[in-house]
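Down below is the structure, laid out as C-alpha cells.
Chains as they are written, first to last, in the working numbering: chain A, 1 to 263; chain B, 1001 to 1471.
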C-alpha cells in the first residue's frame, strides 16, 4: 500500500488552508464503559485542511471522527464544530450534522431507495428543499462522481466502488462544510479503490475541509496537509506528510510505518 | 517454454446442456427419481394420493344441493355416500350475516365491497395492469352483490363511483382519504342509527388535528399533541353527543339501528379480523419502538404489556371483554360487546406484532441508523423514512402470519356467545332439520377461511417481490 492506487496528478493550487477554525477539540476524553478509548485529544482543524488520521486498529481513530458528528458521545472536554459546541442539546447536534458530511467504511446506503432517492432524501426532509431542486443537485453530484446513469438503480445493483461514490455524493448533496471519511476504501476491491480515491482528491482540490481515517498512505502523502498518528487512544505524532513519512519522530510511528510500508 | 506454461489461444463457445438435464425428463430426474430413496417416496406418494382421491371423489361427485333437511338429503342419496351441500344452500345467508335483518343485508355487503375500495390504494400503489383488469371484475361482482341483496340505487352509485375513482390516476392517491374515512362509514353502515353520531366522533379527530396544526408552530410538538388530545377527548365526552342529537334534529340521516347481538357469521369474522389487522400494525410498531427505547418507563410499560398479553390465552382476554369489563366500568355504561372484543383482539395481535417487528428492527445493520443520524434526520424521520420501511419489509412473512393467525382466532368469539361461522355451525347442527351433519359445514367453513388466508399469503409474496431491490 505504499503507492497511491491512483496515478492522478494532484493539483494543490486550490487547497488553501484559511485561518478560520472549522473544528476545535479541547481535552476530549471518551470511555466505553470503563475502557478509556480517547485520552486527552487536542486538535484544531482550520477550514480547507485535509487531515489524514492513521494508526493501528483499535487506536481510536474512527471513534475520534465519529465523535465530531456525535455518532459517539464524549464524556469530558469540548468539541466545537463551526462555532457550535457539541453537547446533549439536540438542536446543536442537528445543526452540526447538517454541516458535517460522513462517508462510512460499509457505505451504509439505504437499500430500499434508488440512488437518486438516497441523494435527495436528506435535502428534502432535513433542508426542506423542493423535490425538483433536490433532484437537480443530486444529479449534479452524481455527475461529479461519474455515475449519473445509475440514478434509478438500487444500491444492491451497484459495485462496491460505485456505492461508495454514491455515498460521497449523498453527503455532498447536503452541501456540508466539513467531510469525515471513516476508512472509505477498506471494504473495497483493489480495482475499485482508485475510483473512490479519485473522487476524494477532486473534493480536496475544491477546498473541502476533510478528515480522513485511512490506510492509504499514498493518498496521505499526496493530498493531506497534515498526518495524525494515533495509538492507544491518543495522538502520538502529527506532522506534514513529507516530514511524517520521511522523518518520523516517535518510536511507535517508526514501527507502524515500517510495518505498513514494509513490503 | 517450460512444462507449466500454458496460454489459451481461443475462448470456448457456450454449449447447450445434455438433454437429460433439461425439460420434463431433466426435471423428473432431478425432482422425483434422483435416487432409490427418492423414487420409493415418489411412488408411495402417488399411492397415498390415489387412495385419498378414490375415497373422497365419489362423495364429492355425488353432491346433493337441493334438500331442506338431512333426512330429505338421505332419501335422495338412497343409501349411497354423498355430500349434502343442501345445508350450505339452506343456511348460506345465516353463515354470512348471522341474524342481521334480511332487508338490511345490503349494508354489510356495501361495507364489505367498500372495504376493498378502502384498502386497494394502500395495497397496490400504483395498481399493476393485472389488478386493473381484476378490479373491473370486482366492481361488477360488487354491483351484483348489492343488487341481489336489494340495496338502494344510491348504494350502487356510491360503490360504482368510489370503485371507478381508483382507475383515474390523479384521484387514486386522493382515495387514501376515503381509506381514512372508511372506519366511520363502516360503523354507520353496520350499526345504523343517526349518521351524526359517527360524524361527530370523526369531528373529534378533525378538531384535534386542527388544534395541533395551530399550536405546533407556537408551542412545539409535545405540548401541541397533549393539548389537541385533551381537547379531542373533551369533545367526545361532553359535546359530541349533544351536537349529534342537535344535528339529527335538523337533518336526519338515519339507518335502521341493528343491535350487536344480531351480528354474526362471516361478516363478524371479517369485521373483527380487519379491525384487528388495521389496529394491530400501528400499535405493534409503537410497542416495538417503545421496547427499543432508551427511556426506562416507556420501555418497561411496553415490555410489561407485551409479556402480559402474550402470556395470557386469547380466550381469557375475550372472557374479560365479555364479562369482567362491565364490572369495572361505571354502572349504566353501555359498552358494545363487539367493540370490546375488537379492542381485545387488537391488543392481543399487537403484542405479537410488536415482537415480529422487533425482529425486523434487530436485523437492520447499525450502519443504517448511523447513516440516518449523520445526514441529520431526527429520530422520527429516521424511523419513518429509513428504519421502518426496511424493518417492515424484513418482517413481512411474520406480520402476515400474525394476520392470518388473528383472522382465524376470530372464531374463538363463539365461546363468549357471539355467533361467528363456527358458532353458527353448532347452532345449525342442533336444529332438527340438520341434526347429524358434520363434514359439509366444516368443509365449507374451512374453504371460506382458506380463501381469505391464502389471499393474504399470496399478497405478502407479491409484496416481497415488489419490494425486492437487490440484484
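Just so you know, even glycine gets a beta-carbon here, dropped at the ideal spot from N, CA and C.
I'd like the list of long-range same chain contacts for residue 187 of chain A, defined as Cβ closer than 7 angstroms, with 5 residues on each side in sequence excluded. Cβ neighbours of residue 187 of chain A beyond the five flanking positions: 105, 106 and 160.
For residue 2 of chain A, which residues in the same chain have their Cβ closer than 6 angstroms to its Cβ, ignoring the five residues on either side in sequence? Bear in mind that a pLDDT of 42 at residue 2 of chain A, under 50, signals an unreliable position, so the number given afterwards is only what the model happens to contain. Excluding positions up to five away in sequence, the list reads 261.
Which residues in the same chain have their Cβ closer than 8 angstroms to the Cβ of residue 230 of chain A, if we skip the five residues on either side of it in sequence? Short of 8 angstroms from the beta carbon of residue 230 of chain A, and not among the five residues preceding or following it, lie these beta carbons of its own chain, in chain order: 53, 54, 55, 59, 60, 61, 64 and 236.
What do you get for residue 1348 of chain B, buried or exposed, if any count of 16 or more other CB atoms within 10 angstroms of its CB means buried? Here residue 1348 of chain B is buried. Its C-beta has 16 or more other C-beta atoms within 10 Å.
From residue 154 of chain A to residue 114 of chain A, what distance separates their C-alpha atoms? About 4 angstroms.
Consider the Cβ of residue 122 of chain A: report whether some Cβ of chain B lies at a distance smaller than 7 angstroms. At least one CB of chain B lies nearer than 7 angstroms to the CB of residue 122 of chain A.
Any 3 or more C-beta pairs closer than 8 angstroms across the stretch 1379–1386 of chain B and the stretch 1304–1316 of chain B: Look at the beta carbons and you see the stretch 1379–1386 of chain B not touching the stretch 1304–1316 of chain B: under three pairs across the two are nearer than 8 angstroms.
So, for residue 1337 of chain B: in the same chain, excluding its five sequence neighbours on each side, which residues have a beta-carbon less than 6 angstroms away from its beta-carbon? Counting only Cβ-Cβ distances below 6 angstroms, and skipping sequence neighbours, we find 1260.
Check residue 1276 of chain B in the structure and name its three-state DSSP category. Under the three-state reduction of DSSP, residue 1276 of chain B is assigned to helix.
With DSSP collapsed to three states, give me the class of residue 229 of chain A. In the structure shown, residue 229 of chain A falls within a strand segment according to DSSP collapsed to helix, strand and coil.
Is it true that the CB of residue 224 of chain A sits closer than 7 angstroms to the CB of residue 66 of chain A? Contact flag unset, no.
Close Cβ partners of residue 1270 of chain B (< 6 angstroms) along its chain, the five nearest in sequence each way excluded: Excluding residues within five positions, none has a Cβ falling inside 6 angstroms.
Among B/1241, B/1201, B/1176 and B/1175, nearest to residue 1187 of chain B - alpha-carbon criterion: Checked all of B/1241, B/1201, B/1176 and B/1175; the closest Cα to residue 1187 of chain B is B/1201.
Who are the Cβ neighbours of residue 1211 of chain B in its own chain at under 6 angstroms, not counting the five residues just before and after it? For residue 1211 of chain B, same chain residues with a beta-carbon under 6 angstroms away, outside a window of 5 residues either side, are 1228 and 1231 in chain order.
Just by C-beta distance, which residues in the stretch 168–192 of chain A are closer than 7 angstroms to chain B? For the stretch 168–192 of chain A, the set of residues with a beta-carbon nearer than 7 angstroms to any beta-carbon of chain B comprises 174, in chain order.
Cα separation between residue 1049 of chain B and residue 152 of chain A? The C-alpha of residue 1049 of chain B lies about 49 angstroms from the C-alpha of residue 152 of chain A.
Confirm, please, whether the CB-CB distance from residue 233 of chain A to residue 38 of chain A is below 7 angstroms. In contact: residue 38 of chain A and residue 233 of chain A (Cβ atoms closer than 7 angstroms).
With 7 angstroms as the threshold, decide whether the Cβ of residue 2 of chain A is near any Cβ in chain B. Low per-residue confidence applies at residue 2 of chain A: pLDDT is 42, beneath 50, and the placement is therefore not dependable, though the value from the model is reported in the following sentence. Output row for residue 2 of chain A: interface = no.
Burial state of residue 1306 of chain B, where buried means 16 or more other Cβ atoms lie within 10 Å: When all chains shown are included, residue 1306 of chain B counts as buried.
Report the option in A/242, A/176, A/47 and A/173 whose CA atom is closest to the CA atom of residue 20 of chain A. Looking at A/242, A/176, A/47 and A/173, the one whose alpha-carbon comes closest to that of residue 20 of chain A is A/47.
When the Cα atoms are used, what is the spatial distance from residue 1026 of chain B to residue 1075 of chain B? Residue 1026 of chain B and residue 1075 of chain B: Cα-Cα distance of roughly 53 angstroms.
Just to confirm, are residue 1364 of chain B and residue 1321 of chain B a CB contact at a threshold of 7 angstroms? No, the pair does not count as a contact, with Cβ atoms beyond the cut-off.
Does chain B have any CB closer than 7 angstroms to the CB of residue 116 of chain A? Output row for residue 116 of chain A: interface = no.
Please identify, using Cβ separations under 7 angstroms, the residues of the stretch 1348–1376 of chain B that lie next to chain A, in order along the chain. Going along the stretch 1348–1376 of chain B in chain order, one finds 1367, 1368, 1370, 1371, 1373, 1374, 1375 and 1376 with a Cβ nearer than 7 angstroms to chain A.
Beta bridge counterpart(s) of residue 238 of chain A as assigned by DSSP: Its beta-bridge partners are A/228.
3-residue-minimum beta strand (DSSP E) runs that sit fully inside the stretch 1113–1146 of chain B, ordered along the chain: Uninterrupted beta strand (DSSP E) stretches at least 3 residues long and entirely within the stretch 1113–1146 of chain B do not occur.
Unbroken alpha helix (DSSP H) run spanning residue 1243 of chain B, endpoints: Boundaries of the alpha helix (DSSP H) around residue 1243 of chain B: 1240–1250.
Taking 7 angstroms as the threshold (C-beta atoms), are residue 1166 of chain B and residue 1476 of chain B in contact? This structure cannot settle anything about residue 1476 of chain B, because the visible part of chain B is limited to 1001 through 1471.
Return the CA-CA distance between residue 82 of chain A and residue 1309 of chain B, expressed in angstroms with no decimal places. Approximately 50 angstroms, taken between the alpha carbons.
Length-filtered (3 minimum) beta strand (DSSP E) runs lying within the stretch 1376–1452 of chain B: The qualifying runs do not exist here; there are none.
Could you check whether residue 1323 of chain B and residue 1353 of chain B sit closer than 7 angstroms to each other, using their CB atoms as the reference points? Contact check for residue 1353 of chain B against residue 1323 of chain B fails: the beta carbons are separated by 7 angstroms or more.
Closer than 7 angstroms to chain A by CB, residue 1394 of chain B: Not closer than 7 angstroms to any Cβ of chain A, the Cβ of residue 1394 of chain B fails to qualify, so no.
Which of helix, strand or coil does DSSP assign to residue 32 of chain A? Assignment of residue 32 of chain A by DSSP, reduced to helix, strand and coil, places it in the strand class.
If the cut is a Cβ gap below 7 angstroms, which residues of chain B does residue 32 of chain A touch? Against chain B, a Cβ distance below 7 angstroms from residue 32 of chain A picks out nothing, because the smallest value is about 15 angstroms.
Just curious, the alpha helix (DSSP H) that residue 1324 of chain B is in, first and last residue? From DSSP, residue 1324 of chain B is part of no alpha helix (DSSP H); its letter is neither H nor E.
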